[in-house]
Amino acid sequence: MAKNNNIQTFTDLDALAQYLREQEKKAILIFAYNGTGKTRLSMAFKNLGKKDESRDTLYFNAFTEDLFTWDNDLENDSERVLRMNTASHFFNGLAELEMESRIRKFLHRYADFEFEIDYEMGAISFWREMQKNAERDDEPVLIKVSRGEENIFIWCFFLAIAQLAIDGQDAYNWVQYIYIDDPISSLDENNAIAVAAHLAQMIKGQDRVKVVISSHHTLFFNVVCNEIKRAHHYFLSKEPDGYYLRNTNATPRFYHVAMLKELHEVAKSGKLYTYHFNILRGIMEKTATFHGFDGISDIIRSEKDDQDGMLHGRYVNLLSHGNYSLFEPVEMMEENKRIFRKILKNFMKNYRFNPNLFPEDETLEANT
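Per the numbering used here, the sequence shown starts with residue -5, numbered consecutively.
Structure (structure tokens):
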């Protein structure tokens, strides 16, 4: 491992995983673009904790989702169930823990379907409606949930187990680390804020397990960072000579460049939602602090009597403090989109970022 101020270089992922294990902080947050090696890092981290039959890491990544597969009942086309790979330690001891009620506590935040787990068969059934059978008893009308709903269910299944580990339940007292890699890539993007805030609340205030979260999703990562301020915040990149881990706690947060790129892209495309004001406000707050101003109003206004600046400041304050719909994010009105583009354009003009990252676009220019 090489060290240079706030940047540390690792020759391989095993060395990086070992470094993360040795950190004293109870929470470590890592931002990295897709293709950097986040999933492989989570597996390297997990493998370092395996010795014979013992292990110490509960993890969520693409491999976790592979523990669940659909049985579509091709012969009868009626009883479709989600199968669990019960050979995995992930499912050890669940039958005695009333998992349905634990999972529902999380699931009903995001979805409206019901389910039942057959532990003996390793199968999960889903339904939304009940009907009368031949004996006039109520029975569920079984369905195959959508891919997005399936991913939400698996995520909530994991959250229920993670809560057991945090609480020190006997079946999961082996868990010393929880490693979560990109839950948002598997969930509906519209749930990013709710999922991030909920996850952060689970992690804060507990000191039994260490938690590592890695993600490429800027909105999700920003919310988690804002919620868990005392965590280690890192930016991970893959370079020709190894993996670079940049500590962003002591410097302007590097992942905000990625967030600004996202705002630049959605401003061009027109797919602007109210929560984008929240992202912009977060970037402005960090910029104001870095440049020694009291708040974002000082970097929005060019002069004290700048009427447009004062109006834009009110817009940012007002539209960054709303409620977020889980399933139907609120798209901005056209007038608000125009104002957002103007605020963003002025901000990027006054506080210069690398112009190569933000190519000029005629559509954006025409709409401001």
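Think of the CB as a built atom: it goes at the ideal place given N, C-alpha and C, for glycine as much as any other residue. Just so you know, these numbers come straight off a predicted model, no measurement behind them.
At which residues does the beta strand (DSSP E) containing residue i begin and terminate?
i, result
"residue 65", "62 to 65"
"residue 50", "That residue, residue 50, is in no beta strand (DSSP E); it is neither H nor E in DSSP."
Inspect the beta-carbon positions of residue i and residue j and report whether they are closer than 7 Å.
i, j, result
"residue 38", "residue 61", "no"
"residue 58", "residue 116", "no"
"residue 342", "residue 266", "no"
"residue 205", "residue 159", "no"
"residue 65", "residue 49", "no"
"residue 23", "residue 225", "yes"
"residue 105", "residue 146", "yes"
"residue 25", "residue 152", "no"
"residue 228", "residue 281", "no"
"residue 273", "residue 306", "no"
"residue 268", "residue 217", "no"
"residue 277", "residue 250", "yes"
"residue 113", "residue 128", "no"
"residue 221", "residue 194", "yes"
"residue 43", "residue 51", "yes"
"residue 236", "residue 5", "yes"
"residue 258", "residue 347", "no"
What are the residues that DSSP puts in a beta bridge with residue i?
i, result
"residue 132", "126"
"residue 233", "236"
"residue 77", "63 and 117"
"residue 208", "24 and 175"
"residue 325", "267"
"residue 137", "120"
Comparing C-alpha positions only, which one of the options sits nearest to residue i?
i, options, result
"residue 144", "107, 173 and 229", "107"
"residue 1", "231, 121, 271 and 100", "231"
"residue 189", "121, 165 and 214", "214"
"residue 34", "164, 103, 18 and 11", "11"
"residue 261", "279, 126 and 333", "333"
"residue 150", "121, 139, 94 and 135", "94"
"residue 47", "18, 83, 197 and 55", "83"
"residue 330", "126, 3, 270 and 28", "270"
"residue 166", "87, 257 and 201", "87"
"residue 198", "27, 233, 157 and 43", "157"
"residue 36", "21, 14 and 287", "14"
"residue 122", "3, 109 and 256", "109"
Within the continuous alpha helix (DSSP H) that includes residue i, where are the two ends?
i, result
"residue 56", "56 to 59"
"residue 91", "Premise fails: residue 91 is in no alpha helix (DSSP H) and is neither H nor E."
"residue 335", "328 to 344"
"residue 271", "269 to 284"
"residue 215", "212 to 221"
"residue 141", "141 to 161"
"residue 112", "Unbroken run through residue 112 is the beta strand (DSSP E), 108 to 112; no alpha helix (DSSP H)."
"residue 195", "186 to 197"
Taking 6 Å as the cut-off, is the CB of residue i close to at least one heavy atom of the ligand ATP?
i, result
"residue 115", "As presented, the structure is devoid of all ligands, the ligand ATP included, so that no description of it is given."
### Query
Would the segment 206 to 214 and the segment 167 to 178 be scored as touching if the rule is three or more Cβ pairs under 8 Å?
In short, these stretches touch, since the Cβ pair count reaches three.
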